[in-house]
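Protein chains in written order, with my numbering: chain A, 15 to 208; chain B, 225 to 494.
Next up, the structure:
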């Protein structure tokens, strides 16, 4: 069984190769992505802990079964996020969306993503709660929510988001722009004071 | 290692879950490519037949059919082939979109690509004479034949001055006699030049075995006076109005001669 140190010294791609030889190495990849994917699923679906764990288990098992399909030209993180994305979308109707509460660093990132040239100072200087952000995200379409989360929370580059969502880079830019627009409209319509 | 990770790892081991072999993914990806390429090829073939049918749609004799050009155009369009083209271009697009890495490109490139490649390849197939051969093949399928405009039947409307068939004998010109033919109903005709006879261009060699169509008038039960004599098929794949030697009717066995009267049932089709 590989130790923590063994895992840390290896890249994702090296771990994939090692996992194909010995399943024990898969624990390194799972440890590396367990929390990240868990948060990602939560941010998109707002599911509870148990639902997230069930989904995570399915994602990790599917990833393991399809390891030979992993293309080295892609980042492993993009590939596993893509698998997670597929599971989240297909389970979206089953999973009841719940209010999402986001705090700390998350709030600042959400603020950054909805700011624009005109009201950047107003937004940043005002206080906003995780609860408000959660309410906003309940009203935004999943396709927009997902691209916002990937870009501003997960800090993914455009080409990585393109690989995860399997859409052209240009479309990602358009989606992001529309997502921000929709978010601003919701803020205005709901009379939410930031 | 967290409990969660340990749980999944033990599931993998206890259920003997293993990564699917690489060849399965390669096969899957290859199938998508094969399906995409096949769709383009079939769409292109359909396109070549469509060109052939449009070229051989007797545009020059519309006035003899007694219909307006617009009505004639829409009643004789090769709808079946157009539908086949649309279907396979759509399939080509769908399959191409599902190849690995295709998501990096905008969908319209695949739409435009599928159409342009099918048209270009179809044009090439037509230039190499594939159109008439496949048209002849499709004409033998009862289902397709029933759906398509029956050109043969149109050229047996003697009362409208239209006659077509295959030359069986070249006459010596006495009394204006040009040649003998057997029409598509199997009936023999003696053809002589009409009052407004215009000889066909020199490039069109009239000889036995050549399929021709004529505009003129019926003189008696077995005599036809032709004012215009034209090759039955035009375009690549034929040599001066007929299929290459031994390849008449698309290189396929000849159509059985229809029984007299059988042709009438097709006349309603157009």
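Beta carbons are placed, not taken as given, at the ideal position from N, Cα and C, and that holds for glycine. Since the model is a prediction, treat every value here as computed from it, not as a measurement.
Classification of residue i by the beta-carbon crowding that lies within 10 angstroms, buried from 16 upward
| i | result |
| --- | --- |
| residue 455 (chain B) | buried |
| residue 181 (chain A) | buried |
| residue 332 (chain B) | exposed |
| residue 300 (chain B) | buried |
| residue 435 (chain B) | buried |
| residue 264 (chain B) | buried |
| residue 99 (chain A) | buried |
| residue 448 (chain B) | buried |
| residue 41 (chain A) | buried |
| residue 298 (chain B) | exposed |
| residue 66 (chain A) | buried |
| residue 240 (chain B) | exposed |
| residue 413 (chain B) | buried |
| residue 307 (chain B) | exposed |
| residue 419 (chain B) | exposed |
| residue 203 (chain A) | exposed |
| residue 282 (chain B) | buried |
| residue 319 (chain B) | buried |
| residue 338 (chain B) | buried |
| residue 359 (chain B) | buried |
| residue 234 (chain B) | exposed |
| residue 194 (chain A) | buried |
| residue 87 (chain A) | exposed |
| residue 179 (chain A) | buried |
Extent of the continuous beta strand (DSSP E) run through residue i
| i | result |
| --- | --- |
| residue 392 (chain B) | 386-394 |
| residue 420 (chain B) | 412-422 |
| residue 226 (chain B) | Taken as a continuous stretch (DSSP letters only), residue 226 (chain B) belongs to no beta strand (DSSP E), as it is neither H nor E. |
| residue 444 (chain B) | 435-444 |
| residue 292 (chain B) | Run containing residue 292 (chain B): none; DSSP gives neither H nor E here. |
| residue 448 (chain B) | 447-455 |
Enclosing alpha helix (DSSP H) for residue i [first to last residue]
| i | result |
| --- | --- |
| residue 360 (chain B) | 354-363 |
| residue 337 (chain B) | 331-351 |
| residue 268 (chain B) | 246-279 |
| residue 310 (chain B) | 303-321 |
| residue 77 (chain A) | 63-79 |
| residue 497 (chain B) | Lying outside 225 to 494, the shown extent of chain B, residue 497 (chain B) is not represented and no answer is given. |
| residue 184 (chain A) | 183-204 |
| residue 427 (chain B) | Run containing residue 427 (chain B): none; DSSP gives neither H nor E here. |
| residue 366 (chain B) | 366-371 |
| residue 90 (chain A) | 90-104 |
| residue 52 (chain A) | 40-59 |
| residue 18 (chain A) | 18-22 |
| residue 172 (chain A) | 172-179 |
| residue 164 (chain A) | Neither: residue 164 (chain A) is in no alpha helix (DSSP H) and is coded neither H nor E. |
| residue 29 (chain A) | 26-35 |
| residue 328 (chain B) | Per DSSP, residue 328 (chain B) belongs to no alpha helix (DSSP H) and is neither H nor E. |
Cβ separation of residue i and residue j, assumed to be a contact under 8 Å, to the nearest whole Å
| i | j | result |
| --- | --- | --- |
| residue 280 (chain B) | residue 440 (chain B) | Rounded, the Cβ-Cβ distance is 20 Å, inconsistent with contact. |
| residue 389 (chain B) | residue 406 (chain B) | 5 Å |
| residue 83 (chain A) | residue 249 (chain B) | 4 Å |
| residue 184 (chain A) | residue 330 (chain B) | 7 Å |
| residue 196 (chain A) | residue 154 (chain A) | 6 Å |
| residue 274 (chain B) | residue 247 (chain B) | No, residue 274 (chain B) and residue 247 (chain B) are not in contact; Cβ-Cβ is about 39 Å, not under 8 Å. |
| residue 78 (chain A) | residue 243 (chain B) | 6 Å |
| residue 105 (chain A) | residue 51 (chain A) | At roughly 13 Å, the Cβ-Cβ gap does not stay under 8 Å, so residue 105 (chain A) and residue 51 (chain A) are not in contact. |
| residue 417 (chain B) | residue 450 (chain B) | 6 Å |
| residue 403 (chain B) | residue 391 (chain B) | 5 Å |
| residue 453 (chain B) | residue 425 (chain B) | About 10 Å; that fails the 8 Å criterion. |
| residue 161 (chain A) | residue 190 (chain A) | 6 Å |
| residue 378 (chain B) | residue 386 (chain B) | 7 Å |
| residue 94 (chain A) | residue 150 (chain A) | The Cβ separation is near 28 Å, so there is no contact. |
Cβ-based neighbour list, residue i, same chain, cut-off 8 Å, excluding 5 preceding and 5 following
| i | result |
| --- | --- |
| residue 349 (chain B) | 268, 269, 271, 272, 355 |
| residue 26 (chain A) | 43, 46, 89, 90, 91 |
| residue 302 (chain B) | 273, 274, 277, 278, 372, 373 |
| residue 253 (chain B) | 323, 324 |
Residues of its chain near residue i, where Cβ-Cβ distance is below 7 Å and the 5 sequence neighbours each way are ignored
| i | result |
| --- | --- |
| residue 192 (chain A) | 158 |
| residue 169 (chain A) | none |
| residue 33 (chain A) | 39, 40, 43, 81 |
| residue 313 (chain B) | 267, 338, 339, 342 |
| residue 442 (chain B) | 382, 448 |
| residue 28 (chain A) | none |
| residue 174 (chain A) | 89, 92 |
6 Å CB neighbourhood of residue i in its chain, flanking five on each side removed
| i | result |
| --- | --- |
| residue 321 (chain B) | 334 |
Proximity test, residue i beta-carbon vs the ligand MN heavy atom, cut-off 7 Å
| i | result |
| --- | --- |
| residue 182 (chain A) | The model on display carries no ligand, and the ligand MN is accordingly not part of it. |
Under 8 Å (Cβ pairs) to chain B, residues found in the segment 71-87 of chain A: 71, 74, 75, 78, 79, 80, 81, 82, 83, 85
Chain-ordered residues of the segment 35-56 of chain A with a beta carbon less than 8 Å from chain B: When C-beta distances to chain B are compared with 8 Å, the residues of the segment 35-56 of chain A below that value are 37, 38, 40, 41, 44, 45, 48, in chain order.
Residues of the segment 321-344 of chain B with Cβ closer than 9 Å to any Cβ of chain A, in chain order: Residues of the segment 321-344 of chain B with a Cβ closer than 9 Å to any Cβ of chain A, in chain order: 324, 325, 326, 327, 328, 329, 330, 331.
Residues of the segment 245-278 of chain B with Cβ closer than 7 Å to any Cβ of chain A, in chain order: 245, 246, 249
Chain B contacts made by the segment 162-182 of chain A, where a contact means CB separation under 7 Å: 176, 180, 181, 182
Within 8 Å of chain A by C-beta, residues of the segment 289-323 of chain B in sequence order: none
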